[in-house]
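J.: Using the numbering used here, the first residue of the sequence shown is number 1089, and each one after it goes up by one.
C-beta: ideal position from N, C-alpha, C; glycine also.
Just so it is clear, the structure is predicted and the values come from calculations on it, not from any experiment.
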Amino acid sequence: MERVLVTGAGGPAGVAVIRSLLKRADVEVYAADMDGWASGLYLVPPERRRIVPRGADPEFVPAVISLCAADSLTVLFSTVDVELPPLAARRSELGGAVLAAASLATLDVTLDKFALSERVTGFARVPTTRLVGPASTAEEWTFPIIVKPRRGAGSRGVRLVHDRAALDALGVDETLIAQELLPGAEFSVDVFADADGHVIAAVPRTRTRVDSGVSIAGRTLRDAELESTAADVARAIGLTGVANVQLRYDAAGVAALLEVNPRFPGAMPLTIAAGVDMPSLALDLALGRELPSRVEFRELANVRYLEDIFVDPSEILHSDNAAHDETDG
Ligand SMILES: Nc1ncnc2c1ncn2[C@@H]1O[C@H](COP(=O)(O)OP(=O)(O)O)[C@@H](O)[C@H]1O
Ligand SMILES: [Mg+2]
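1. Among Ala1157, Asp1121, Pro1133, whose alpha-carbon lies nearest the alpha-carbon of valine 1140?
2. Does ligand 1 have even one heavy atom less than 7 Å from the beta-carbon of leucine 1270?
3. Which one of Pro1215, Gly1306, Val1149, Phe1165 has the shortest CA to CA distance from alanine 1340?
4. Go through its chain and collect everything with a Cβ distance to proline 1133's Cβ below 6 Å, but skip five positions before and after it.
5. Measure the beta-carbon distance from arginine 1292 to leucine 1269 and round it to whole angstroms, keeping in mind my assumption that it falls under 8 Å.
6. Start and end of the beta strand (DSSP E) containing glutamate 1090?
7. Cutting at 8 Å between CB atoms, please list the residues of its own chain near serine 1316, excluding the five before and the five after it.
8. Is serine 1407 helix, strand or coil when you go by DSSP?
9. Hey, would you say proline 1357 sits closer than 8 Å to alanine 1190, going by beta carbons?
10. Would you list, in sequence order, the uninterrupted beta strand (DSSP E) runs of no fewer than 3 residues that lie entirely inside the stretch 1358-1403?
11. Quick one: what does DSSP say glutamate 1135 is sitting in, helix, strand or coil?
12. Below 8 Å between beta carbons: does that hold for alanine 1176 and leucine 1187?
13. Return helix, strand or coil for valine 1298, following the three-state DSSP convention.
14. Note down, in chain order, each residue of its chain lying with its Cβ closer than 6 Å to the Cβ of isoleucine 1304, except the 5 sequence neighbours on either side.
15. In whole angstroms, give me the CA-to-CA distance for aspartate 1416 and alanine 1097.
16. Is glutamate 1347 near ligand 2, in the sense that its beta carbon is under 7 Å from a heavy atom of that ligand?
17. Indicate whether alanine 1119 and arginine 1207 have their beta-carbon atoms separated by less than 8 Å.
18. Could you compute how far the alpha carbon of arginine 1382 sits from the alpha carbon of glycine 1363?
19. Would you decide whether valine 1333 is buried or exposed? Buried here means 16 or more other CB atoms lie within 10 Å of its CB.
20. Short of 7 Å in beta carbon distance, which residues of its chain neighbour aspartate 1413, apart from the five on each side in sequence? Order them along the chain.
21. Would you grab the beta carbon distance between alanine 1361 and leucine 1388 for me? Rounded to a whole angstrom, and I think it's under 8 Å.
22. What does DSSP give as the partner residues of valine 1277 in its beta bridges?
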């Protein structure tokens, strides 16, 4: 029996991973969150629910290391952005547990949108991207352009800059990037690569309705250009396992890179239902099992509704942590 811990149990990605793994007869699923009211905790039996510190807390990784030992965990899934780099940096200290996440180098390059644009250039179409300062001032832009944080999430701080005067007014700020505007339609592609970086599946989908940064309605789409562009991006960053590659069409109608989220997206249930159970594949990858060389998917749409879990109030775990950080997907 594999004992698998999933963190971020209160988020839609955490719930999706937990529900996928609960279908496997060879797995005992443990669920963790910083908040005792996190819904996914109550999808697993009481003795498998755990409270952990906030991901940015220096005590987070030590607490997870202790859980790995105490619960004899074999695989660890983190579905929270801020938890991934500190866990990946200490993945060899997790006892017998394997962290089902990309390498620290891959995480680092995706979490910095400027580094990502440099890395992927030559592998796939990347919009012109410059650090705000001398490099952005020297560029011959067609306005308007996009300015956004180099390390951002949930569309926070994304703005349109309409002319050179507005760009110059930003001065030198290397926490920001200036980027060519991609005026076309936007797609999210859930990608899964094996241990050698070979892409097993790339599932493009729309985010037709979004609530609190999470896609709650959309559809998968078979599209050779979107699938191959996302696979090229995955190869460029040395992806193993799951990532969500966001693409948008440029003025010439070519699919170009917006960003990569190196984790399970909140919309994972659609990708699973369309035929690619990425949490289950990620578990097999972590366990070193043989993976198929290709998994097909079909076109499928989803709409989402809230569902309740009812438990005795005494079952709610105690936590003194505040609310979650927002993520998108
Ligand atoms: N270069 C761009 N052209 C057009 N729209 C953009 C561009 N960059 C960002 N956006 C818009 O802003 C949203 C958030 O940007 P993104 O790069 O995905 O950062 P994050 O999701 O991490 O905040 C995108 O989904 C897109 O709608
Ligand atoms: Mg995004």
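T.: On the basis of the coordinates in this document:
1. Distance from the Cα of valine 1140 is smallest, within the candidate group Ala1157, Asp1121, Pro1133, for Asp1121.
2. Flag set: Cβ of leucine 1270 near ligand 1.
3. Among Pro1215, Gly1306, Val1149, Phe1165, the Cα nearest to that of alanine 1340 belongs to Pro1215.
4. Taken in chain order, the list of residues that qualify is empty.
5. The residue asked about is misnamed: residue 1292 is proline in this sequence, not arginine. Rounded to the nearest angstrom, the Cβ distance from proline 1292 to leucine 1269 is 21 Å, too far for a contact under 8 Å.
6. That run of the beta strand (DSSP E) goes 1090-1095.
7. Within the same chain, and ignoring the five residues on either side of serine 1316 in sequence, the residues whose Cβ sits closer than 8 Å to its Cβ are Ala1290.
8. Here serine 1407 sits in coil by DSSP.
9. In this structure, proline 1357 sits away from alanine 1190, with a CB-CB distance that is not shorter than 8 Å.
10. Taking 3 residues as the shortest admissible run, the stretch 1358-1403 contains the following complete beta strand (DSSP E) segments, listed from N- to C-terminal end: 1389-1391.
11. Per DSSP, reduced to three states, the secondary structure at glutamate 1135 is helical.
12. Yes. Within cutoff.
13. Per DSSP, reduced to three states, the secondary structure at valine 1298 is strand.
14. Correct list, in chain order: Arg1297, Arg1392.
15. With a pLDDT of 49 at aspartate 1416, under the threshold of 50, the predicted position of this residue should be treated as unreliable, though the coordinate-derived value follows. Approximately 15 Å, taken between the alpha carbons.
16. At least one heavy atom of ligand 2 is nearer than 7 Å to the Cβ of glutamate 1347, so yes.
17. Remark: C-beta atoms of alanine 1119 and arginine 1207 do not approach each other more closely than 8 Å.
18. Near 11 Å, if we compare the C-alpha coordinates of glycine 1363 and arginine 1382.
19. Under this definition valine 1333 is a buried residue.
20. Bear in mind that the predicted position of aspartate 1413 carries a pLDDT of just 48, short of 50, making it too unreliable to give a figure here.
21. That pair is a contact at about 6 Å.
22. Pro1292, Val1333, per the DSSP bridge assignment.
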